[in-house]
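**Q** Position in the sequence shown (first residue = 1) + 159 = my numbering.
Glycine included, C-beta positions come from ideal geometry on N, C-alpha and C.
Below you'll find the structure I mean.
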Amino acid sequence: METWDAIRSRRNVRVYEDRGIAAEDLDRVLEAGRRAPSSRNWQPWDFVVVTDRARLEELSGVWRGAGHVARSAATIALVAPEPRDDLEREWVQYDLGQATISIMLAATDLGIGTGHAAVTDQDLARRLLGFPGDRFCAYLIALGYPADRPLRPVERPNRRPFDEVVHRDSW
160 METWDAIRSR RNVRVYEDRG IAAEDLDRVL EAGRRAPSSR NWQPWDFVVV
210 TDRARLEELS GVWRGAGHVA RSAATIALVA PEPRDDLERE WVQYDLGQAT
260 ISIMLAATDL GIGTGHAAVT DQDLARRLLG FPGDRFCAYL IALGYPADRP
310 LRPVERPNRR PFDEVVHRDS W
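Here it is, written out as structure tokens:
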């Protein structure tokens, strides 16, 4: 898939086929996250990949909106260091966003759907994923092949009109 097609095809997928993702495809998606740009190249992320069905079901309990994680073929947890100050907090969120979209676009390129989720229960996430106490789990990205319809460019996206969003030279 071309990059522009992947951008136009990516959508939140929360209903997945009951089939796994090939290890090489999962590694390619993870490599896309690893290669994401970050402030001062500090690369604040670690990725914990979960494919075990029982663990995915438990992991879906870290946020009330994460039910789709239980049915995913795999879920990637984005873990980062606890920020030391406000500046680092801004950096880590921005950088995790870049890793997230890199992961999602690489998955879309392979026909794999993604659905993101927040993490509010850090104790449960830490117990299930085993990350150290000086880190937190920021987001989950569930992956799986869409059960409802394949990924293809969305012709009429539900977005604000272009001319309402884009301002040239000034507001």
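Sort out for me which residues DSSP pairs alanine 165 with in a bridge.
**A** BP columns for alanine 165 are empty, so no partner.
**Q** Please classify glycine 272 as buried or exposed, where buried requires at least 16 other C-beta atoms within 10 Å of its C-beta.
**A** Per the 10 Å Cβ criterion, buried.
**Q** Once you ignore the five residues that flank glutamate 294 on each side, which residues in its own chain have a CB closer than 8 Å to its CB?
**A** The amino acid at residue 294 is misidentified as glutamate; the sequence shows arginine. If we look at arginine 294 and ignore the five residues flanking it on each side, its Cβ neighbours are Asp205, Val238, Ala239, Pro240, Glu241.
**Q** May I ask you to verify whether the region 166-181 touches the region 265-279, counting CB pairs closer than 8 Å and requiring at least 3?
**A** Contact between the region 166-181 and the region 265-279 is present, because at least three Cβ pairs lie under 8 Å.
**Q** My output table needs one value for glycine 224: the three-state DSSP class, helix, strand or coil.
**A** Coil, per DSSP.
**Q** With 16 as the cutoff for other CB atoms within 10 Å, does serine 168 come out buried or exposed?
**A** The residue in question, serine 168, is buried, as its Cβ has 16 or more Cβ neighbours within 10 Å.
**Q** Whole angstroms are fine: how far does the CA of aspartate 211 sit from the CA of arginine 187?
**A** If I take the Cα positions, the gap works out to 19 Å.
**Q** If we count Cβ pairs, one from each stretch, closer than 8 Å, do we get three or more for the region 189-204 versus the region 241-259?
**A** Touching, yes.
**Q** With a 10 Å radius around its C-beta and 16 neighbouring C-beta atoms as the bar for buried, classify serine 219 as buried or exposed.
**A** Burial call: buried.
**Q** Valine 174: buried (16+ other C-beta within 10 angstroms of its C-beta) or exposed?
**A** Answer is exposed; the Cβ neighbour count stays below 16.
**Q** Could you tell me the alpha carbon to alpha carbon distance between isoleucine 300 and glutamate 217, rounded to whole angstroms?
**A** In a straight line, the C-alpha of isoleucine 300 is about 15 Å away from that of glutamate 217.
**Q** Whole-angstrom Cβ separation of alanine 229 and leucine 215, contact assumed at under 8 Å?
**A** Their Cβ separation, rounded to whole angstroms, is 5 Å, which keeps alanine 229 and leucine 215 in contact under 8 Å.
**Q** Determine the burial state of threonine 279: buried for a count of at least 16 other Cβ atoms within 10 Å of its Cβ, exposed for fewer.
**A** It counts as exposed.
**Q** May I ask which residues mark the beginning and end of the alpha helix (DSSP H) holding valine 188?
**A** Its alpha helix (DSSP H) spans residues 182-193.
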